[in-house]
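A.B. asks: Mapping of the first sequence onto the working numbering: residues 4 to 198, in sequence order. Every residue, glycine too, gets a C-beta built ideally from N, C-alpha and C. Since the structure is predicted, the reported quantities are computational estimates derived from the model, not experimental observations.
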Amino acid sequence: MSSAARRPQLPAGFFDKDVETVARALIGITLLIDGVGGIIVETEAYDEDDPASHSFRGPTARNASMFGPPGHAYVYRSHGIHWCLNFVSRAVSGVLIRALEPTAGLDAMASRRATGEIRRLSAGPGRLCQALGIDKRLDGRSLAQPPFELSGGDQTVRITAGPRIGISRAIDTPWRFCLEGSRFLSRPAPRMSDG
DNA sequence: GAGGCGATTGGCT
DNA sequence: GCCAATCGCCTCG
């Protein structure tokens with residue numbers, strides 16, 4: 004393994020923290036699935052006592068992964084059509100991965116998405132999963148094992164926070180986090196309300 | 001068991 | 001901006 008260009012892996016215990024901390028820490032991290040992916044630029048946090056979270060009304064077959072150990076994936080189907088990827092953190096929680104800046108395997112992403120428009124390859128949770136080939140098979144899988152590869156986090160990034168998107172409960176909780184200035188967000192950045 | 005709704009997206013008015 | 005697509009889960013009866 005070449006050393007210089009290799010990004011550092013995430014430290015042990017990265018996901019064993021409260022969900023808001025993890026959601027913020029994930030901004031700027033590189034996510035690859037079988038070598039395809041990019042830099043995480045947008046996340047949302049969903050906590051245990053959060054009325055907007057799938058876990059709010061207790062465990063079901065769908066949300067079982069959220070009740071499992073940190074550092075695993077929770078993948079669910081949205082609106083019967085799309086897949087959405089979450090990272091489980093401490094306790095019953097999940098970080099929704101909403102957008103990536105594509106950096107690796109752009110050909111594969113464009114092929115799966117049937118578009119060459121880079122800015123829309125993985126801007127949005129459903130688009131991201133389509134571009135990276137994510138589906139139910141990855142639900143419950145460890146993020147420390149292939150096909151997942153997470154790295155980076157060595158550099159400081161500026162983050163903006165705002166309300167989460169597309170929910171009807173707890174709509175004012177500012178748990179959507181974005182990389183400041185990114186052109187690869189699913190929606191316009193929230194008004195700068197955070198550092 | 002029936003009816004409604006959703007952490008979305010793409011296409012049309 | 002509005003709405004359909006499509007299916008698993010929730011609520012109510």
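Can you give the Cα-Cα distance for D19 and S92, rounded to whole angstroms?
C.D. replies: In a straight line, the C-alpha of D19 is about 6 Å away from that of S92.
A.B. asks: Using the three-state DSSP reduction, which class does R161 fall into: helix, strand or coil?
C.D. replies: Three-state result, R161: coil.
A.B. asks: Quick check on this structure: which residue in A192, F187, L109, I162 has the alpha carbon closest to the alpha carbon of L29?
C.D. replies: Of the candidates A192, F187, L109, I162, the one whose C-alpha sits nearest the C-alpha of L29 is I162.
A.B. asks: Restricting to Cα atoms, I'd like to know which of I43, D157, L182, D175 is closest to P3.
C.D. replies: Absent from the model: residue 3. The displayed extent of the chain is 4 to 198, so no value can be given.
A.B. asks: List in chain order: all unbroken beta strand (DSSP E) runs of 3+ residues lying wholly within the stretch 84 to 167.
C.D. replies: Here the runs fully enclosed are 85 to 90, 97 to 107, 151 to 155, 162 to 165.
A.B. asks: Quick check on the DSSP output: what are the complete beta strand (DSSP E) runs of length 3 or more inside the stretch 30 to 75, in order along the chain?
C.D. replies: Segments of the beta strand (DSSP E) lying fully in the stretch 30 to 75: 32 to 36, 39 to 49.
A.B. asks: Between which two residues does the beta strand (DSSP E) harbouring R190 extend?
C.D. replies: From DSSP, R190 is part of no beta strand (DSSP E); its letter is neither H nor E.
A.B. asks: Does the contact criterion of 3 or more C-beta pairs under 8 Å hold for the stretch 179 to 189 versus the stretch 63 to 81?
C.D. replies: No, because fewer than three Cβ pairs between the stretch 179 to 189 and the stretch 63 to 81 fall closer than 8 Å, the two stretches do not touch.
A.B. asks: Taking all protein chains shown into account, do 16 or more other C-beta atoms lie within 10 angstroms of the C-beta of G16, making it buried, or fewer, making it exposed?
C.D. replies: That one is exposed.
A.B. asks: With H, G and I counted as helix, E and B as strand and the rest as coil, what does DSSP make of F17?
C.D. replies: F17: coil per DSSP, three-state reduction.
A.B. asks: Pick from H85, I100, N89, R140: whose alpha carbon is nearest that of R116?
C.D. replies: For R116, the nearest C-alpha among the options comes from H85.
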